[in-house]
């Protein structure tokens with residue numbers, strides 16, 4: 001069985017694979033900060049060279065922002081498009097890092113053996129699991145098992161401004177049978193997971209305007225309308241006492257999770273207590289009557305992400321400010337329509353404005369509906385079997401609380417379904433100081449992709 | 001009648017008096033900013049020299065902060081202590097100024113002829129009304145009408161850290177029969193006012209703590225406790241639907257305004273509509289059932305002065321922050337006890353904390369009860385008559401929404417009652433860009449003090 005030889009090759013070559021990942025992690029490809037523009041180019045160059053080293057016809061493709069990397073290899077059987085991103089989040093607050101973010105280390109820790117450094121998990125380590133699987137497969141078999149297009153972007157952490165134009169301009173070149181994405185987590189350590197439903201998101205921001213100018217609370221304290229008080233009252237009205245969103249029409253398009261899926265989730269190994277305890281909670285909050293997992297994967301939310309107004313410095317200032325500000329995001333599920341939710345939300349706020357107050361909205365913030373993957377496609381069952389064999393544990397179709405916008409663009413622009421398989425863990429501290437990726441995630445991730453490729457190619 | 005000669009002298013010398021004020025206004029004596037330390041010294045030096053020029057035994061007295069100016073002149077009759085402050089507020093936002101803040105100008109405007117510049121009203125212009133009255137009185141009569149101690153501080157706009165120790169250390173030297181303070185406004189243009197009751201103040205600040213770290217709303221949005229939502233809910237609970245403070249025990253010590261005083265206030269010329277309209281209000285807000293003036297002068301408040309947490313930058317960030325912050329002040333009236341109010345307020349917040357949340361308080365913020373002046377003293381009636389004669393309009397005993405902490409220290413440390421007479425107008429933009437003082441306030445303010453001095457000395 002050739003797959004066993006590939007897996008052995010992966011085991012033998014792990015030190016070299018880690019070395020390659022470390023080299024990529026040393027490149028500070030922070031996409032949101034213009035100071036790292038040249039480093040984003042270097043990361044793209046590194047990937048082009050690495051793909052070329054395993055016989056892939058790869059090149060860097062410039063965009064108005066950071067470049068894309070596109071590679072092709074011919075082959076029989078299904079045509080796969082593999083997506084990952086080589087850019088990383090900023091590293092601040094730097095003083096909370098225990099190592100240099102771009103001087104990656106292998107460390108033995110309580111969480112196991114880990115690769116420590118910015119991008120180790122999100123997404124360089126994950127991206128390389130697929131590349132290393134391809135390398136080993138080719139080393140053993142002389143070629144890859146099927147036709148594959150590699151597609152890496154460098155702007156995922158900064159809103160992907162070039163992605164949609166690039167997909168549109170290169171739709172033919174990037175067409176395939178199905179997209180594979182490695183940018184997600186396992187439900188819990190050791191439980192292989194295919195993310196099959198992702199929440200959508202609506203972003204909005206408003207400013208509540210009261211008096212024409214900042215006022216002195218000695219003069220206007222009492223008769224004056226205070227925007228901070230009013231914005232608090234409005235925000236407090238967003239939820240009822242059971243944690244349910246109290247905006248009329250908000251839940252249109254939301255359905256309860258089917259019993260069968262609910263049973264799967266209940267048995268997927270998710271450790272609610274640990275998950276909550278790790279951030280200081282003794283119990284789930286939010287919508288009463290729903291478990292943590294169901295809330296996270298299958299219930300919509302309205303979260304305040306930013307709130308400010310008045311004086312924030314040291315000491316006291318007797319000001320009634322002219323304005324108060326609120327940033328919020330809604331996570332969307334099922335058939336919730338972002339435009340409908342936005343309208344309902346804005347109406348809710350406007351209905352609650354007191355006299356002499358007005359509201360303005362930021363109209364530059366977008367929204368996208370939830371994504372539900374097409375798990376009836378045979379590739380999902382093939383991948384599920386491959387993962388179950390590697391991890392010796394039934395793989396699960398999981399939900400995801402966040403969104404992976406690229407899957408929507410693949411669907412809308414390329415007509416491609418996506419299959420989301422990732423090996424990150426919830427404690428990887430992505431976007432935070434001391435990001436890590438377990439060596440086991442990397443090693444078994446490579447092995448997993450080898451198995452998945454094999455299954456998909458042979459189907 | 002010598003007072004007529006003094007008033008004529010004041011009229012004749014107005015251009016010179018304005019020149020002197022302009023010289024003082026050119027000194028950027030911003031007390032809160034260490035960069036202006038030398039300028040605070042210069043302002044004190046200027047005042048010492050100016051007092052000396054009218055025969056007053058004045059000197060600069062160093063403190064750990066900015067210096068005090070103390071001057072004495074002997075005389076018969078009552079012993080008056082006159083207080084003012086030579087320091088000013090910072091000038092930011094500088095781009096909203098239409099002139100240089102420290103290059104004062106006389107301008108003809110819709111509001112009349114005004115002196116424009118930082119400190120023109122608060123408090124250099126007001127302070128100089130008294131000094132110029134003394135100068136004219138001496139020019140005409142060869143000496144001042146009674147014994148006067150001059151006392152100017154340079155830290156009023158930065159919390160007066162040196163004031164209490166200085167008063168304690170120099171209590172004997174600063175003792176007098178009554179204190180005169182010129183740092184207040186007229187109820188409305190042309191209506192001379194003696195502020196006879198001032199609200200007290202309680203400052204507090206709290207931080208509401210939720211998760212141990214900032215969370216990603218894709219992961220914890222739903223089951224996660226959001227401190228921004230919770231702080232909004234708590235702030236919303238501070239008031240009931242009638243604008244009344246809903247903190248248990250808050251109103252202990254509050255009494256309704258006596259009918260007679262209420263009638264005086266109703267006829268004091270206060271133009272509610274203009275007062276509200278000038279800042280963009282079409283109606284009074286706050287506590288239902290109370291007029292703007294009564295709310296401002298005689299009702300307690302709980303105002304949010306600062307509120308913040310989460311992301312405030314451009315665009316969106318899907319964060320559930322670990323903390324949310326709130327700064328607040330309460331205005332106190334009657335016999336309200338700051339310590340009691342603080343305790344009630346903190347209890348109110350703590351009673352409303354959800355599970356897994358905690359609160360911490362800033363324990364460095366002070367409080368002081370309301371001040372009610374002793375208007376039965378004969379000096380109040382003498383001053384009221386003098387003011388009524390100058391302005392040709394019955395002077396009123398007004399309330400004040402803000403506090404003048406020095407009056408409390410005079411009472412507690414020196415045993416001195418204070419009489420607060422000022423000529424500022426509500427539209428003077430004190431603490432704001434484009435501060436001004438009407439030339440009429442300055443001119444008739446000087447004339448007013450000459451008349452008041454004359455009445456008090458002759459009584």
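Residue numbers (the UniProt record's numbering), protein chains in the order written: chain A, 1 to 459; chain B, 1 to 459.
Here a beta-carbon is modelled for each residue, glycine too, at the ideal position from N, C-alpha and C.
Since this is a predicted model, take the numbers as computed values, not measurements.
#1: Spatial neighbours of residue 114(B) within its chain, please: CB distance less than 6 Å, with the 5 preceding and 5 following residues excluded, ordered by chain position.
#2: Assuming residue 357(A) and residue 230(A) make a contact with CB atoms under 8 Å, what is their CB distance in whole Å?
#3: Once you ignore the five residues that flank residue 57(B) on each side, which residues in its own chain have a CB closer than 8 Å to its CB?
#4: Under the rule that 16 or more other beta-carbon atoms within 10 Å means buried, what is residue 372(A), buried or exposed?
#5: For a quick check, are the C-beta atoms of residue 178(B) and residue 379(B) less than 8 Å apart?
#6: Indicate whether residue 408(B) and residue 368(B) have their beta-carbon atoms separated by less than 8 Å.
#7: On a Cα-Cα basis, can you pick out the residue from 278(B), 65(B), 96(B) and 285(B) that is closest to residue 160(B)?
#8: Look at the alpha carbon of residue 263(B) and the alpha carbon of residue 85(B), and state the distance between them as a whole number of angstroms.
#9: At a Cβ threshold of 8 Å, is residue 304(A) touching chain B?
#10: Closer than 8 Å, CB to CB, is residue 232(B) near chain A or not?
#11: Within 8 Å, do at least three Cβ pairs link the region 335-345 of chain A to the region 236-249 of chain A?
#12: For the beta strand (DSSP E) that residue 304(B) lies in, which residues bound it at each end?
#13: Going by the DSSP bridge assignment, what does residue 58(B) pair with across the sheet?
#14: How many Å lie between residue 25(A) and residue 18(A) at the Cα?
#15: Rounding to the nearest angstrom, what Cα-Cα distance links residue 157(A) and residue 421(A) in this structure?
#16: Taking contact to mean at least 3 C-beta pairs separated by less than 8 Å, is the region 381-392 of chain B in contact with the region 445-455 of chain B?
#17: Output, in sequence order along the chain, the residues in the region 192-211 of chain A whose CB is closer than 8 Å to any CB in chain B.
#18: I'd like the list of long-range same chain contacts for residue 375(B), defined as Cβ closer than 7 Å, with 5 residues on each side in sequence excluded.
#19: I'd like to confirm the pairing. Which residues does DSSP put opposite residue 107(A) in its beta bridges?
#20: Could you pull the DSSP bridge partners for residue 326(A) from this structure?
#21: Can you tell me the Cα-Cα spacing of residue 176(B) and residue 47(B), whole angstroms?
#22: Looking only at DSSP bridge pairs, what is residue 465(B) linked to?
#23: Is residue 292(B) near residue 275(B), with beta carbons less than 8 Å apart?
#24: Of all Cβ atoms in chain B, is any one closer than 8 Å to the Cβ of residue 437(A)?
#25: Would you say residue 288(B) lies against chain A (beta-carbon separation less than 8 Å)?
#26: What are the boundary residues of the beta strand (DSSP E) that includes residue 385(B)?
#27: What beta strand (DSSP E) runs, 3 residues minimum, are completely inside the UniProt domain "Peptidase M20 dimerisation" (206-356) of chain B?
#28: Quick one: what's got a C-beta closer than 7 Å to residue 427(B)'s C-beta in the same chain, skipping five residues either side?
#29: Of all Cβ atoms in chain A, is any one closer than 8 Å to the Cβ of residue 76(B)?
#30: Rounded to a whole number of angstroms, what is the C-alpha to C-alpha distance between residue 233(A) and residue 234(B)?
#31: On the DSSP bridge assignment, give the partners of residue 361(A) in chain order.
#32: Answer yes or no: do residue 43(B) and residue 27(B) have a C-beta to C-beta separation smaller than 8 Å?
#33: Tell me whether residue 109(A) is buried or exposed, calling it buried when 16 or more other Cβ atoms sit within 10 Å of its Cβ.
#34: Mapping the DSSP letters down to three states, classify residue 396(B) as helix, strand or coil.
#35: Should residue 96(A) go down as buried or exposed, given a rule of 16 or more other Cβ atoms within 10 Å for buried?
#36: Any chance the CB of residue 168(B) is under 7 Å from a heavy atom of the ligand SAH?
This is what the structure holds:
#1: For the purposes of this step, residue 114(B) is taken as residue 114 along the second chain, with counting starting at 1. Sequence-distant Cβ neighbours of residue 114(B) in its own chain, meaning closer than 6 Å and more than five residues away, are 107, 436 and 438.
#2: In the first chain, the residue the question calls residue 357(A) occupies position 357. In the first chain, the residue the question calls residue 230(A) occupies position 230. Sure, about 6 Å apart at Cβ, within 8 Å.
#3: Your numbering for residue 57(B) matches position 57 in the second chain. Counting only Cβ-Cβ distances below 8 Å, and skipping sequence neighbours, we find 71, 72 and 73.
#4: The residue given as residue 372(A) occupies position 372 in the first chain. Per the 10 Å Cβ criterion, exposed.
#5: One-based indexing of the second chain puts residue 178(B) at position 178. One-based indexing of the second chain puts residue 379(B) at position 379. Cβ atoms of residue 178(B) and residue 379(B): closer than 8 Å.
#6: Translated into positions along the second chain, residue 408(B) becomes position 408. Translated into positions along the second chain, residue 368(B) becomes position 368. With respect to residue 368(B), residue 408(B) sits close: the two C-beta atoms are nearer than 8 Å.
#7: Counting from 1 along the second chain, the entry for residue 160(B) is found at position 160. When each option's Cα is compared against that of residue 160(B), the closest is 65(B).
#8: The sequence position of residue 263(B) within the second chain is 263, counting from 1. The sequence position of residue 85(B) within the second chain is 85, counting from 1. One C-alpha to the other measures close to 34 Å.
#9: For this step, residue 304(A) is matched to residue 304 along the first chain. Chain B places a beta carbon closer than 8 Å to that of residue 304(A), counting this residue as a contact.
#10: Your numbering for residue 232(B) matches position 232 in the second chain. True, the Cβ-Cβ gap to chain A drops below 8 Å.
#11: Taking a cut-off of 8 Å for Cβ pairs, the region 236-249 of chain A and the region 335-345 of chain A touch, as three or more such pairs fall below it.
#12: If you number the second chain from 1, residue 304(B) lands on position 304. Where residue 304(B) is concerned, the enclosing beta strand (DSSP E) stretches over 301-310.
#13: To locate residue 58(B), count along the second chain from 1; it is residue 58. Paired residue(s): 71(B).
#14: Mapped onto the first chain, residue 25(A) falls at position 25. Mapped onto the first chain, residue 18(A) falls at position 18. Approximately 10 Å between the Cα atoms of the pair.
#15: Start at 1 with the first residue of the first chain, and residue 157(A) comes out as number 157. Start at 1 with the first residue of the first chain, and residue 421(A) comes out as number 421. Taking the straight line joining both Cα atoms gives about 19 Å.
#16: yes
#17: 199, 201, 203, 205, 210 and 211
#18: Reading the second chain from its first residue, position 375 is the one you call residue 375(B). Same-chain partners within the cutoff: 196 and 397.
#19: On the first chain, residue 107(A) is found 107 positions in, with the first residue counted as 1. BP columns for residue 107(A) point to 114(A).
#20: Your numbering for residue 326(A) matches position 326 in the first chain. Its beta-bridge partners are 206(A) and 307(A).
#21: Along the second chain, read from residue 1 onward, the residue named residue 176(B) stands at position 176. Along the second chain, read from residue 1 onward, the residue named residue 47(B) stands at position 47. Each residue's alpha carbon lies about 21 Å from the other.
#22: Shown here, chain B extends from 1 to 459; a query on residue 465(B) therefore has no answer.
#23: Taking the second chain and counting its residues from 1, the one referred to as residue 292(B) is at position 292. Taking the second chain and counting its residues from 1, the one referred to as residue 275(B) is at position 275. Yes, the Cβ-Cβ distance between residue 292(B) and residue 275(B) is below 8 Å.
#24: If you number the first chain from 1, residue 437(A) lands on position 437. No - not a single Cβ of chain B is within 8 Å of the one on residue 437(A).
#25: Counting from 1 along the second chain, the entry for residue 288(B) is found at position 288. Closer than 8 Å: no.
#26: The count along the second chain starts at 1 and reaches residue 385(B) at position 385. Run containing residue 385(B): none in the beta strand (DSSP E); it sits in the alpha helix (DSSP H), 378-391.
#27: 301-310 and 323-332
#28: The sequence position of residue 427(B) within the second chain is 427, counting from 1. Result list for residue 427(B): 111 and 278, in chain order.
#29: Start at 1 with the first residue of the second chain, and residue 76(B) comes out as number 76. No, no contact with chain A.
#30: To locate residue 233(A), count along the first chain from 1; it is residue 233. To locate residue 234(B), count along the second chain from 1; it is residue 234. In a straight line, the C-alpha of residue 233(A) is about 9 Å away from that of residue 234(B).
#31: Here the question's residue 361(A) lines up with position 361 in the first chain. Answer by DSSP bridge pairing, in chain order: 206(A).
#32: As a working mapping, residue 43(B) is identified with position 43 in the second chain. As a working mapping, residue 27(B) is identified with position 27 in the second chain. Yes.
#33: On the first chain, residue 109(A) is found 109 positions in, with the first residue counted as 1. Counting every other CB atom within 10 Å of its CB across the protein chains shown gives residue 109(A) a total below 16, marking it as exposed.
#34: One-based indexing of the second chain puts residue 396(B) at position 396. Here residue 396(B) sits in strand by DSSP.
#35: Walking along the first chain from the start, residue 96(A) turns up at place 96. Residue 96(A) should be labelled exposed.
#36: The ligand SAH is absent from the structure shown, which contains no ligands of any kind.
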